[in-house]
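J.: Below is a structure I'd like to ask you about.
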Amino acid sequence: MLDDSDHKSYDFEAGIDPERNVLNTINVTCEYYTEEQFRDTVEIVNTFSLIHINCRSLYRSFASIKDFLYSLRGKFQIIALSETWLDEKRGCHFCIEGYDLYFVNRIKKKAGGVALFVNCDLKCKKVECMSVAIDDLMESVTVELDIERRSNIIVTCIYRKPGSEIELFTEAVEDLLSKAKGNKTLCLCGDYNIDLCKEANDKAASDFFELLFGKGFYPLIIKPSRITDKSETLIDHIFINSLESNIISGLIINDISDHLPVFFTFDLNMKRKEEVGFVSHRRLRNNEAINKFRQDLMEVDWKEVYVNEVNVAYGAFLNTYLALYDKHCPLVSFKYKKKNKNMKPWITKGLANACKKKNNLYRDYITQRTKNAEMKYKVYKNKLVVILRKAKKDYYNKLFQENKNNIKGIWNIFKEVLGNKNTPLDRPNYFIKNNQVVEDKTEVVNEFNSFFVNVGPTLANLIRKNDDPEYEEAWKGENRVVNSIFLADTTIKEIVAIVENCKNKKSTDCDGIDMVIIKKTLDCISIPLCYIFNLSLQSGVFPDRMKVAKVIPLYKSGDKHSFNNYRPVSLLSQFSKVLEKLFAQRLDSFIEKYQLINENQFGFRKNRSTALALLTFIDDISSATNNNKYTVGVFVDLKKAFDTLQHSILISKLYNYGVRGVALNWLRSYLENRSQYVHYLGNTSERLKIVCGVPQGSILGPKRFNLYINDICDVSKRLNSILFADDTNFYCSGENLKDLVEIMTSEMLRLKIWFDVNKLSLNLTKTKFMIFGNRVKEDEVIMSIDGELIERVTEFRFLGVIVDENLTWKSHIEYIRKKMVKNIYILGNVRDLLDYKTMRILYFSLFFSYFSYCIEVWGNTYENTIKPLNLLQKKVIRMIHNVKYREHTNKLFIKSKLLKLGDLVKLRTLLIMFKAKNNILPFKLQRVFLLCSGGEDSRRKFYFKHQLARTTQRLMSPTVRGIRLWNSLHYNLKNCINLYCFKKCYMLKTITQYEECE
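Numbered according to full-length UniProt numbering, the sequence shown spans residues 1 to 998.
Below, the structure is given as structure tokens:
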């Protein structure tokens, strides 16, 4: 495709000499293309197309690859990559909009690796038996594509390690091909490091290509793909076993690596699925429209609202509100085609011309292969790279400054910078149910809704019914509360306070209303709203129109085409959230007044956290170990606990806890006749009724769940328990391990019966037990629940922290280290783009959130154990400040106003002690800390009594170490007026010590 004037030292048109190889009977057209020529002459729309790129580290070249693909102004069906160099420690953070990623990495050594990005529109599955990694030989990844009205297509990308034996490689490829069953089109691509130009002079290479030719494969690339000033080789290949009509193949001149990208296309009469999205937009929702909306609301006569029937009153109010809202801010739904937006908005017209000139210089270099051409290209390229980096950095820093007060906006920019910003159009166009393809959008949303609604009832029906009369009333509990809750009327002031505390979310409910518009119009509707809410609380009726949930499917992990891999996100009525909070405040006051919730429950409670739950658990274990006892802990796994909750059982338990009369009628009304529908890519399902479980996203859901499981703590008098929502742990300590296991077995059977009676599904295969203690543990310890053996483990992830049987925390620290190493790659990718302030934000998001979580629990360990995290933190701080890797970090911590990891452990531990001093810890934990006796004027009045620690495990427990740290503090710090003041003063004192060390 290049002009004759461009052919100077190497004849690009020559290709392989047909007289010296077996290709003399094959008519294949293969050309070199510049990016401009490709755009002008090659059409990849409505065709099957593939491009292979040797990227020599996806971490280094991913941005360049995306920019290159965008410049071609087309969408290849398959993007094959070799030499990805993906590393498990660094992770895989690569996303191309509209594609699914499949990859295979080198197992024991670095480098190598292959990947396939497959268009989401294609029906595709990974062929596991043809996706392999063979040490010191090759890697391959294979997918099978289901194409309508023709046989399936199998695509394999292979990378062969240079220097490995070609004979072994030939045998491995032959074995791979033998696994492709049926009459299917096979396409092999990749970097084989075998030169097709010289196959006649190398018997091993000749045997390999003869294997492919013998199996009916034809080469589509017949010109050198790697051209240097000293050599030209054809080592990047595409072979296909069926020569389709209108095949176009070739190489594109680009300097992503020293290998040219190779491609092919052929006509399959594939109808291109228009990449469309659906938008529902409130037209003219500006200040002028909202002011007119407000004015009309203030002029409304709400007499139709002031009736004695809640549903009628709320219906009249909502109809009026929506009619005026639609009048001034009409809702318009329309389809839109996805536009090819500029992926590099920082590039001006002048920079675009400079990039074009750079590509021309590269073309001249590989054409002429002279030192002069090489020098011109490299000098120009280096200058251009510096200019492009500066333009990109200025662009993104400006964006961050414009969004500095918008957290969501900041994260969207981060995703854009990292190349991970997806759109709704990335969602698949088809799903699989019972091995059948579901493509119709209406059928898809109805299947989603049916799946989400039936998860709870299906699990509940599988739970064994217990007919033992002893347990028929077990869920009622033992302690009946005599007093009953009273629902006091609300006021406009209370409603305004609740709405103001709501987040400014723009997600809309089933009525198309968001919290932002409610806040802007609240003063205009507060009087009728107050009347409706009081009428609801007085009559015990929850409005029916508030019971409809709009559900958005959210992808979790795994196969995107499976309904099982999505979870529902429910958007409830905005007005119902306000009414729920009004009731919740009254319920919370009643619960706190009569202390209805068991002390062992930590979830969804004020002044409770996962850290305090873990702290209580660890303190009990270390105390038992210190007394030469064993502790056996059982970590219970519940299936969809919030979805299987039975309404009738809940109502009876609430009555027992004092929620009676109007309040109970209100809650019963709240649970009855609820329904939901699924909204997916502009399509809406039919409404289905919800018969069990708590409404997703509701304010009252977690509180009701706490009351539902509250009496589980009374089932066993011999076991201790830690409950945080559906994360449940039971444990018991004793001197004789055999007796201890027998006690746990019998008590867990009682608990299993409780779970069955209360329709909570206990997953025994995921329920584990662990033995703690310093004494020698028997290897053959067996525990069963209801006749089913429970697996014994040496470590378990509980409340987000990996707990091991010796409380060394090594596994959890290693887990955090791996997370941080992966995120360091992300930080390294953007360090040259972002300024210090932005990098500091990224530090808190990608690193601080990991190693600060429950650090007061696992951070109190040996210095050598936590040292890897210390080193990584220092490395991150250097990257934030963009300094050399050996730079001293004290001054960097001072400038950032951040604490070193060891000092952060001390601070978090001391915050627990400050709460203990002020008697605001949970009772079970508070009783561990005893203040020393002394007069009011005594400086020892804030000292805690030291605890005896016989074992190292106890000595390092947060409670024992916390007391020692606290008692060593200066009196002024202990006497701080509040937690915020204490934290600020301690950080200032610690950072001052860094300055003294400088």
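We put the beta carbon where it would ideally sit given N, CA and C, even for glycine.
Counting C-beta neighbours from all protein chains within 10 Å, is the total for residue 219 16 or more, i.e. buried, or is it exposed?
T.: Taking the sequence shown and counting its residues from 1, the one referred to as residue 219 is at position 219. Result: buried.
J.: Using 10 angstroms around the beta-carbon of residue 946, count the other beta-carbons present and answer buried if the total reaches 16, otherwise exposed.
T.: Taking the sequence shown and counting its residues from 1, one reaches residue 946 at position 946. Classification for residue 946: exposed.
J.: With DSSP as the reference, please indicate the residues paired to residue 144 in a beta bridge.
T.: Stepping through the sequence shown from its first residue, residue 144 is reached at position 144. Beta-bridge pairing links residue 144 to 125 and 154.
J.: Residues in its own chain within less than 8 Å of residue 885 by CB, not counting five upstream and five downstream?
T.: Within the sequence shown, residue 885 is the residue found at index 885, counting from 1. Taken in chain order, the residues that qualify are 875 and 878.
J.: Can you list the alpha helix (DSSP H) stretches of 4 or more residues lying completely in the region 200-248, in chain order?
T.: Listed in chain order, they are 203-214.
J.: Under a three-way DSSP split, which group does residue 749 fall into?
T.: Working through the sequence shown from its first residue, we reach residue 749 at position 749. Correct three-state label for residue 749: helix.
J.: Does residue 527 have its Cβ less than 8 Å from a Cβ in chain C?
T.: Of the chains in the structure shown, none is chain C; there is only one protein chain.
J.: With which residues is residue 316 paired in a DSSP beta bridge?
T.: By 1-based counting over the sequence shown, the position of residue 316 is 316. Per DSSP, none; premise fails for residue 316.
J.: For a test of the three-state rule: what should DSSP assign to residue 262, helix, strand or coil?
T.: Here residue 262 corresponds to residue number 262 of the sequence shown, with the count starting at 1. Reduced to three states, the DSSP call for residue 262 is strand.
J.: In whole angstroms, what is the alpha-carbon distance linking residue 693 and residue 455?
T.: In the sequence shown, the residue the question calls residue 693 occupies position 693. In the sequence shown, the residue the question calls residue 455 occupies position 455. Going by the C-alpha atoms only, they are around 10 Å apart.
J.: What are the residues that DSSP puts in a beta bridge with residue 1028?
T.: The requested residue 1028 is not part of the displayed model; the chain covers only 1 to 998.
J.: Could you tell me whether the region 497-510 touches the region 630-645, where touching means 3 or more Cβ pairs closer than 8 Å?
T.: With the cut-off at 8 Å, the region 497-510 and the region 630-645 do not touch.
J.: With a Cβ-Cβ cutoff of 8 Å, do residue 144 and residue 154 count as a contact?
T.: As a working mapping, residue 144 is identified with position 144 in the sequence shown. As a working mapping, residue 154 is identified with position 154 in the sequence shown. A contact, by the Cβ cut-off of 8 Å.
J.: How would you label residue 997, buried or exposed, when you count the other beta carbons within 10 angstroms and need 16 or more for buried?
T.: Sequence index remark: in the sequence shown, residue 997 carries index 997 (1-based). Residue 997 comes out exposed.
J.: So, helix, strand or coil for residue 26, using DSSP?
T.: Position 26 of the sequence shown, counted from the start, is the residue given in the question as residue 26. Legend: pLDDT at residue 26 = 48, less than 50; position of this residue unreliable, value from coordinates given subsequently. Coil, per DSSP.
J.: Hey, how far is the Cα of residue 195 from the Cα of residue 96?
T.: What you label residue 195 is simply residue 195 of the sequence shown in a count that begins at 1. What you label residue 96 is simply residue 96 of the sequence shown in a count that begins at 1. If I take the Cα positions, the gap works out to 31 Å.
J.: To the nearest angstrom, how far is it from the Cα of residue 790 to the Cα of residue 601?
T.: Along the sequence shown, one-based indexing puts residue 790 at 790. Along the sequence shown, one-based indexing puts residue 601 at 601. One C-alpha to the other measures close to 24 Å.
J.: Which residues mark the beginning and the end of the beta strand (DSSP E) in which residue 788 is found?
T.: Counted from its first residue, the sequence shown places residue 788 at position 788. Segment 788-792, the beta strand (DSSP E) holding residue 788.
J.: Can you grab the Cα-Cα spacing for the pair residue 331 / residue 322, in whole Å?
T.: Residue mapping note: residue 331 aligns to position 331 of the sequence shown, counting from 1. Residue mapping note: residue 322 aligns to position 322 of the sequence shown, counting from 1. Each residue's alpha carbon lies about 11 Å from the other.
J.: Determine the direct distance from the alpha carbon of residue 394 to that of residue 565, and round the result to whole angstroms.
T.: Start at 1 with the first residue of the sequence shown, and residue 565 comes out as number 565. Start at 1 with the first residue of the sequence shown, and residue 394 comes out as number 394. When rounded, the distance between both Cα atoms is 40 Å.
J.: Does DSSP classify residue 984 as helix, strand or coil?
T.: By 1-based counting over the sequence shown, the position of residue 984 is 984. Residue state, collapsed to three classes: helix.
J.: Between the region 159-167 and the region 133-147, are three or more C-beta pairs nearer than 8 Å?
T.: Because the criterion of three Cβ pairs below 8 Å is met, the region 159-167 and the region 133-147 touch.
J.: Does the distance from the C-beta atom of residue 1002 to that of residue 490 stay below 8 Å?
T.: Here the chain covers residues 1 to 998 and nothing more, so residue 1002 does not appear.
J.: Could you say if the region 905-913 and the region 593-610 meet the contact criterion of at least three C-beta pairs nearer than 8 Å?
T.: With the cut-off at 8 Å, the region 905-913 and the region 593-610 do not touch.
J.: To the nearest angstrom, how far is it from the Cα of residue 846 to the Cα of residue 823?
T.: Working through the sequence shown from its first residue, we reach residue 846 at position 846. Working through the sequence shown from its first residue, we reach residue 823 at position 823. Distance between the alpha carbons of residue 846 and residue 823 is about 6 Å.
J.: Of the residues 129, 361 and 663, which one's Cα is nearest the Cα of residue 542?
T.: Position 542 of the sequence shown, counting from 1, holds the residue named residue 542. Among 129, 361 and 663, the Cα nearest to that of residue 542 is on 663.
J.: DSSP on residue 508, reduced to helix/strand/coil?
T.: Taking the sequence shown and counting its residues from 1, the one referred to as residue 508 is at position 508. Residue state, collapsed to three classes: coil.
J.: Mind the definition here: the region 437-449 touches the region 677-691 only if three or more C-beta pairs lie below 8 Å; say whether that holds.
T.: Yes: the two stretches touch, three or more of their Cβ pairs being nearer than 8 Å.
J.: Any idea if residue 243 is buried or exposed, counting beta-carbon neighbours within 10 angstroms, 16 or more meaning buried?
T.: Position 243 of the sequence shown, counted from the start, is the residue given in the question as residue 243. Exposed is the call here.
J.: What would DSSP say about residue 956, mapped onto helix, strand or coil?
T.: Start at 1 with the first residue of the sequence shown, and residue 956 comes out as number 956. Here residue 956 sits in coil by DSSP.
J.: Look at the alpha carbon of residue 189 and the alpha carbon of residue 839, and state the distance between them as a whole number of angstroms.
T.: Locating residue 189 in the sequence shown gives position 189, counting from the first residue. Locating residue 839 in the sequence shown gives position 839, counting from the first residue. Those two C-alpha atoms are separated by around 40 Å.
J.: With C-beta atoms as the reference, is residue 944 less than 8 Å away from residue 932?
T.: Looking up residue 944 in the sequence shown gives position 944. Looking up residue 932 in the sequence shown gives position 932. Their beta carbons are under 8 Å apart, which means residue 944 touches residue 932 by this criterion.
J.: Taking 8 Å as the threshold (C-beta atoms), are residue 579 and residue 549 in contact?
T.: Your numbering for residue 549 matches position 549 in the sequence shown. Your numbering for residue 579 matches position 579 in the sequence shown. Against a cut-off of 8 Å, the Cβ pair of residue 579 and residue 549 comes out as no contact.
J.: In the DSSP assignment, find the unbroken beta strand (DSSP E) run with residue 295 in it and report its ends.
T.: Taking the first residue of the sequence shown as 1, we reach residue 295 at position 295. Residue 295 -> not in any beta strand (DSSP E); alpha helix (DSSP H) instead, spanning 287-298.
J.: Quick check on the burial criterion: 16 or more other C-beta atoms within 10 angstroms. Buried or exposed for residue 953?
T.: Along the sequence shown, read from residue 1 onward, the residue named residue 953 stands at position 953. It counts as buried.
J.: Starting from the C-beta of residue 268, find all residues in its chain whose C-beta is less than 6 Å away, skip the five residues before and the five after it, and write them out in chain order.
T.: Position 268 of the sequence shown holds residue 268. These residues qualify, in order along the chain: 48.
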